[in-house]
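K.L.:
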Ligand code: DQQ
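Numbering (the UniProt record's numbering), first residue to last: 24 to 544.
#1: So, helix, strand or coil for residue 48, using DSSP?
#2: Check residue 511 in the structure and name its three-state DSSP category.
#3: Looking at the ligand DQQ, does it come within less than 7 Å of residue 228, judged from the CB to the closest heavy atom?
#4: My understanding is that residue 326 touches residue 65, with C-beta atoms under 8 Å, so please give their C-beta distance in whole angstroms.
#5: From residue 507 to residue 514, what does the alpha carbon distance come to, in whole angstroms?
#6: Does the beta-carbon of residue 285, which I'm using as the reference point, lie nearer than 7 Å to any heavy atom of the ligand DQQ?
#7: Can you find the residues in the same chain that come closer than 6 Å, C-beta to C-beta, to residue 168, ignoring five residues on each side of it along the sequence?
#8: Less than 8 Å between the beta carbons of residue 98 and residue 156, yes or no?
#9: Distance check for residue 185 and residue 206, CA to CA, integer angstroms please.
#10: Sorry if obvious, but does the Cβ on residue 266 come closer than 7 Å to a heavy atom of the ligand DQQ?
#11: Once DSSP output is grouped into helix, strand and coil, what is the label at residue 380?
#12: My output table needs one value for residue 404: the three-state DSSP class, helix, strand or coil.
#13: Quick one: what does DSSP say residue 236 is sitting in, helix, strand or coil?
#14: To test your reading of the DSSP string, which unbroken alpha helix (DSSP H) runs of 4 or more residues are found completely within the stretch 45-90?
#15: Residues in the same chain with beta-carbon distance under 6 Å from residue 40, minus the five sequence neighbours each way, listed in chain order, please.
#16: Kindly say whether residue 372, judged by its beta-carbon, lies nearer than 8 Å to any beta-carbon of chain C.
#17: So, for residue 480: in the same chain, excluding its five sequence neighbours on each side, which residues have a beta-carbon less than 6 Å away from its beta-carbon?
#18: Taking residue 545 as the reference, which of 265, 367, 488 has the closest Cα?
#19: Under 6 Å Cβ to Cβ from residue 145, same chain only, skipping five residues before and after it: list those, please.
#20: Curious, which full-length beta strand (DSSP E) runs of at least 3 residues does the stretch 92-124 contain?
#21: Got a sec: does the ligand DQQ put a non-hydrogen atom nearer than 7 Å to the Cβ of residue 544?
#22: Looking at the strands, I want to know which residues DSSP matches up with residue 453.
#23: With a CB to CB cut of under 6 Å and the five nearest residues on each side skipped, what residues in its chain are close to residue 390?
#24: Grouping DSSP H, G and I as helix and E and B as strand, with all else coil, what is residue 371?
#25: For the beta strand (DSSP E) containing residue 338, list its first residue and its last residue.
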């Protein structure tokens with residue numbers, strides 16, 4: 024393996040080279056999954072003329088990279104870049120549209136429309152820009168002209184009008200601006216409530232995403248344009264996700280949406296504190312979901328950026344990954360989202376290279392190696408069983424920010440009472456290199472708190488990325504790591520318990536992961 028290839032992933036989505044950031048316009052069309060993405064054809068850093076890259080797949084795991092860029096700067100309304108946007112499939116004629124942001128000749132951000140040249144081509148290779156572009160320009164006084172971007176997938180209300188949300192900023196205010204249209208081409212500010220959601224102090228409200236979720240606790244998804252449920256607040260809630268620019272994190276609101284009034288009443292708030300609901304506590308940004316008609320589920324994509332230097336990226340010749348697509352649904356308590364890697368990921372598990380540990384007591388202070396799999400490229404499921412919780416340490420949850428505790432590098436090795444215990448991934452033999460995915464149990468005034476989870480945990484390791492899904496998918500953390508020692512065959516996986524109490528591994532299953540296929544066409 025060439026040194027610069029050590030960190031290329033084997034089953035995460037990556038173009039063959041160069042810079043990639045936000046996922047754009049994911050959709051399922053004519054039995055093909057489409058992923059567009061922000062791409063710099065000229066190099067491994069963010070470019071002066073960003074284009075949309077495009078890849079297609081039948082299973083969201085193995086991909087065909089299409090050589091043709093469907094959108095690239097060409098006109099006055101997008102000459103400095105084709106920025107993020109979404110696709111909408113018009114239900115009446117199954118016609119897909121792209122709404123995207125153009126960075127125009129005056130460096131203002133405007134919204135543009137594109138249509139497939141041949142809608143019969145399932146790969147939708149070529150796109151035509153609408154002659155009326157730009158179809159939406161920044162509403163003066165309401166938003167800054169250079170901060171008005173990232174249109175969502177559009178949906179139709181019961182009044183027959185199309186609606187779309189566009190992210191924006193005005194001074195300290197991040198805004199989600201709502202537009203209406205009769206024909207998808209001519210758009211005007213919503214006459215009911217055009218400032219759909221406004222949040223103070225977040226910077227630009229980037230890449231908004233707005234979608235319905237069922238409240239019955241099942242994993243089924245709902246289409247945004249499922250007009251019969253738009254006002255059925257007894258059946259569904261809506262989620263407004265925003266990419267919080269100042270924090271570079273994905274925050275979301277769950278609430279009731281009244282389509283006729285263009286009103287969204289959220290049950291939680293975005294405050295910028297650890298109490299906020301986040302899709303992921305690590306490196307995960309500019310996410311976008313789509314309704315997968317094939318499997319009746321909502322699937323979420325998110326950009327995972329590099330944490331190395333720009334110079335490193337230039338040497339590697341690439342930068343940026345997409346996380347494993349996640350199925351997303353509402354927890355049965357109606358308060359928060361659950362996320363889990365889509366089931367197709369399991370097709371890449373190498374059943375000849377699997378290990379299981381059942382009912383193993385992990386004595387206080389011990390470490391156990393999980394051998395027999397390729398630890399640099401693995402999928403791991405684990406459930407721990409805990410001792411009597413009464414002995415746990417006290418923690419005043421109001422004063423301690425779990426995210427600060429967790430980001431303390433020393434923490435995993437420090438001994439508590441119950442925990443820290445968990446996994447050491449991408450670890451070198453001598454453990455000088457390691458990434459700990461760990462849990463600690465505290466007693467809090469409201470009961471017991473676990474800094475991550477006590478339920479089924481899933482960890483996907485892929486050479487320079489580790490994605491952890493705790494508590495059956497309630498808490499997600501995506502990390503990037505660039506091991507110097509723990510690469511290829513020298514990467515190891517351990518289970519550890521640094522706490523003073525024993526814990527039990529009730530179940531651990533780990534698989535080596537096969538390479539996903541990426542071909543160019
Ligand atoms: N990236 C895009 C913008 C978006 C930002 C440009 C978020 O449209 O706001 O590549 O990462």
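Ideal Cβ positions, reconstructed from N, Cα and C, are used throughout, including at glycine.
P.N.:
So, from the listed chains and residues:
#1: Numbered from its first residue, the chain shown carries residue 48 at position 25. It is a strand residue.
#2: Locating residue 511 in the chain shown gives position 488, where the first residue counts as 1. In the displayed model, residue 511 falls within a helix according to three-state DSSP.
#3: Taking the first residue of the chain shown as position 1, residue 228 is located at position 205. No; taking the cut-off as 7 Å, the Cβ of residue 228 has no heavy atom of the ligand DQQ nearer than that.
#4: The count along the chain shown starts at 1 and reaches residue 326 at position 303. The count along the chain shown starts at 1 and reaches residue 65 at position 42. Rounded, the Cβ-Cβ distance is 19 Å, inconsistent with contact.
#5: Position 484 of the chain shown, counting from 1, holds the residue named residue 507. Position 491 of the chain shown, counting from 1, holds the residue named residue 514. Cα atoms of residue 507 and residue 514: separation of roughly 10 Å, rounded to the nearest angstrom.
#6: Locating residue 285 in the chain shown gives position 262, counting from the first residue. Result no, Cβ not under 7 Å from the ligand DQQ.
#7: Against the chain shown, residue 168 aligns to sequence position 145. Same-chain partners within the cutoff: 131, 161.
#8: As a working note, residue 98 is residue 75 in the chain shown. As a working note, residue 156 is residue 133 in the chain shown. Contact flag set, yes.
#9: In the chain shown, the residue the question calls residue 206 occupies position 183. In the chain shown, the residue the question calls residue 185 occupies position 162. Computed Cα separation, rounded: 8 Å.
#10: Here residue 266 is taken as the residue at index 243 of the chain shown, counted from 1. Checking the Cβ of residue 266 against the ligand DQQ gives yes.
#11: Taking the chain shown and counting its residues from 1, the one referred to as residue 380 is at position 357. Strand, per DSSP.
#12: As a first step, residue 404 is located in the chain shown; it is residue number 381 there, counting from the start. Residue 404 carries a strand assignment under DSSP once its states are collapsed to helix, strand and coil.
#13: For this step, residue 236 is matched to residue 213 along the chain shown. Reduced to three states, the DSSP call for residue 236 is strand.
#14: Within the stretch 45-90, no complete alpha helix (DSSP H) run reaches 4 residues.
#15: Residue 40 sits at position 17 when you count from the first residue of the chain shown. Shown here for residue 40: same chain residues with a beta carbon closer than 6 Å to its own, the five before and five after excluded, namely 340, 341 in chain order.
#16: The structure shown contains no chain C, having only a single protein chain.
#17: For this step, residue 480 is matched to residue 457 along the chain shown. These residues qualify, in order along the chain: 405, 493.
#18: This structure cannot settle anything about residue 545, because the visible part of the chain is limited to 24 through 544.
#19: On the chain shown, residue 145 is found 122 positions in, with the first residue counted as 1. These residues qualify, in order along the chain: 53, 55.
#20: Entirely contained in the stretch 92-124, the beta strand (DSSP E) runs reaching 3 residues are, in chain order, 105-113.
#21: Within the chain shown, residue 544 is the residue found at index 521, counting from 1. In this structure, the C-beta of residue 544 stays at least 7 Å away from each heavy atom of the ligand DQQ.
#22: Translated into positions along the chain shown, residue 453 becomes position 430. For residue 453, which the question treats as bridged, DSSP gives no partner whatsoever.
#23: Here residue 390 corresponds to residue number 367 of the chain shown, with the count starting at 1. Correct list, in chain order: 517, 519.
#24: Counted from its first residue, the chain shown places residue 371 at position 348. Residue 371 falls in the helix class under three-state DSSP.
#25: If you number the chain shown from 1, residue 338 lands on position 315. In the DSSP annotation of this structure, residue 338 is not part of any beta strand (DSSP E); the continuous alpha helix (DSSP H) holding it starts and ends at 333-339.
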